[in-house]
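The structure appears below as structure tokens.
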Amino acid sequence: MIVGGWVLAVAAALSLQASPRGVAAQAPQIRVIRAEGADPIILEIANRTRAELTAAGLDATIIDCPHDDARCTGPAPPGDGAPRVVVTTARYRRATVTEVKVAAPDGPPLLLRLVVDADAADHDEPATLAVRAAELVRSALLQAGAFARPAMPRSAPSTEAITYDFEQPRQEPLPVGAAGWFAGVGAAMLGSADGFGTAYGVALRGGYSGLGWPGLAAAILVAAPALAATQHFDGGSVTLRQELAAAQVSLRFRWRARLQPRLQAGAGVYHLMAQGTTDPGSLYVGRSVGLRMPMATVGGGVTFAVDDRLTVFADGQALLMKKPVLLLGWQQIGGGGPSFLFSAGIERLF
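Whatever position you read off the sequence shown (first residue = 1), add 1 for our numbering.
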């Protein structure tokens, strides 16, 4: 009697081992979909997902197909008793979504979804997302084989979806433009409301950015050589050459964005060179006069960071100083309102 019981137990164990159990009966057929036209990061995630699955001992194949083609992305019922798994990764707006669809011969379809939240989509790490996708495939195979499910007609597949939202930690954006020495060059226009006219030339600016604060910088500004402006009067003309040099501090705002407004203030020296020329027969005498005046500068502008080292800028500044007075024949110029310096160009961080 005891021997008969052992024989029945061994026979039952052998029959259980020989019978299929869910998805463990045969090796799953895994297809990793690589959508045509997807961005390089999504394509890299697909390639790495296939590599992770292969390293885990699963047979995974890359399938290239058009975007949202149901013939590729839909898990058709397997005909050979092996579960079929389809893995897709796509970006919807700013969220990255990986879906794992499992079609098993003895149960309804299963869908698992991995979502990387929108606030982290700009920081996709293909290696990390591929590892998570491979983990999701193993979880889907486990659930499809471990849970007893009632048989359902193939014409009414299950719409059940289990969503895993792996939100990456919020990453604070880094300042655009690191700290360091910089130099810039651009075109300059020096205008005046007091009769000195408008001078054109080159603006040079260099200094150090990041003085204890990402947006704080110290710089030396030089506008020279400036093309001279000419003022005419009865009996001759005067050529006015304007130059300046100033030490400044500037403060950039929104320094985590590429478009950054900034304020500037400083002090320096304004130089005016006047060269008088008389007409033949004139009673006037032409002379050359050079004047240097202390000044203060205040203004602002905007910068656009092309990359972490190259910046395009546009600035406007007022030059505050006591203006000289020049005599042109019987009339005088100068002594009026402030002058303005407008400049635009590029700055390079070294």
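Where is the CB? At the ideal position from N, CA and C, for every residue including glycine.
None of the values given here were measured: they were computed from a predicted structure.
Quiz item: Just curious, the beta strand (DSSP E) that Glu-348 is in, first and last residue?
Solution: Counting from one through the sequence shown, the residue named residue 348 turns up at place 347. Judged by DSSP secondary structure, Glu-348 falls within the beta strand (DSSP E) whose first and last residues are 340-350.
Quiz item: How many Å lie between Thr-62 and Ala-28 at the Cα?
Solution: One-based indexing of the sequence shown puts residue 62 at position 61. One-based indexing of the sequence shown puts residue 28 at position 27. If you take the alpha carbons of Thr-62 and Ala-28, they lie about 13 Å apart.
Self-check item: Reduced DSSP category for Ala-134 - H, G, I as helix; E, B as strand; rest coil
Solution: Your numbering for residue 134 matches position 133 in the sequence shown. Helix at Ala-134.
Exercise. Compute the distance between the beta-carbons of Leu-342 and Val-303, then report whether it is under 8 Å.
Key: Taking the first residue of the sequence shown as 1, we reach residue 342 at position 341. Taking the first residue of the sequence shown as 1, we reach residue 303 at position 302. Going by C-beta atoms, Leu-342 is not nearer than 8 Å to Val-303.
Quiz item: What is the DSSP secondary structure of Ser-283, reduced to helix, strand or coil?
Solution: Taking the first residue of the sequence shown as 1, we reach residue 283 at position 282. Shown here, Ser-283 sits in coil according to DSSP, grouped into three states, outside any helix or strand.
Exercise. Take Phe-183 and list the residues in its own chain whose beta-carbon comes closer than 7 Å to its own, dropping the five residues that flank it on each side.
Key: Sequence index remark: in the sequence shown, residue 183 carries index 182 (1-based). Around Phe-183: Gly-207, Gly-208, Ser-210, Glu-348, Arg-349, Leu-350 and Phe-351.
Practice problem: Just tell me which of Ala-128, Pro-109 and Thr-97 has its CA closest to the CA of Leu-115. | Solution: Here residue 115 refers to the residue found at position 114 when the sequence shown is read from its first residue. It is Thr-97 whose Cα lies nearest to the Cα of Leu-115.
Exercise. Spatial neighbours of Val-299 within its chain, please: CB distance less than 6 Å, with the 5 preceding and 5 following residues excluded, ordered by chain position.
Key: By one-based count along the sequence shown, residue 299 stands at place 298. Cβ neighbours of Val-299 within its own chain (closer than 6 Å, five residues either side excluded): Ala-266 and Ala-319.
Exercise. Please work out which residues of its chain come closer than 6 Å, Cβ to Cβ, to Met-294, disregarding the five sequence neighbours upstream and downstream, and give them in chain order.
Key: Here residue 294 refers to the residue found at position 293 when the sequence shown is read from its first residue. Same-chain partners within the cutoff: Tyr-271 and Met-322.
Quiz item: Under three-state DSSP, which class holds Glu-45?
Solution: As a working note, residue 45 is residue 44 in the sequence shown. Glu-45: helix per DSSP, three-state reduction.
Quiz item: What is the DSSP secondary structure of Ala-56, counted as helix, strand or coil?
Solution: Reading the sequence shown from its first residue, position 55 is the one you call residue 56. It is helical.
Quiz item: Looking at C-alpha atoms only, which residue of Pro-109, Val-117 and Val-87 is the closest neighbour of Val-138?
Solution: Looking up residue 138 in the sequence shown gives position 137. Nearest of Pro-109, Val-117 and Val-87 to Val-138, Cα basis: Val-87.
Practice problem: Compare the C-alpha of Thr-99 against each of Arg-133, Ala-128 and Glu-126 and name the closest. | Solution: Here residue 99 refers to the residue found at position 98 of the sequence shown. Looking at the Cα atoms, Arg-133 is the closest of the given residues.
Quiz item: Would you say Leu-241 and Ala-275 are within 8 Å of each other, going by their C-beta atoms?
Solution: Counted from its first residue, the sequence shown places residue 241 at position 240. Counted from its first residue, the sequence shown places residue 275 at position 274. Closer than 8 Å, so yes.
Quiz item: Mind pulling the beta strand (DSSP E) runs of 3 or more residues that sit fully within the stretch 187-220?
Solution: 200-210
Quiz item: For the beta strand (DSSP E) that contains Phe-314, what are its first and last residues?
Solution: Within the sequence shown, numbered from 1, the residue matching residue 314 stands at position 313. Start and end: 311-321.
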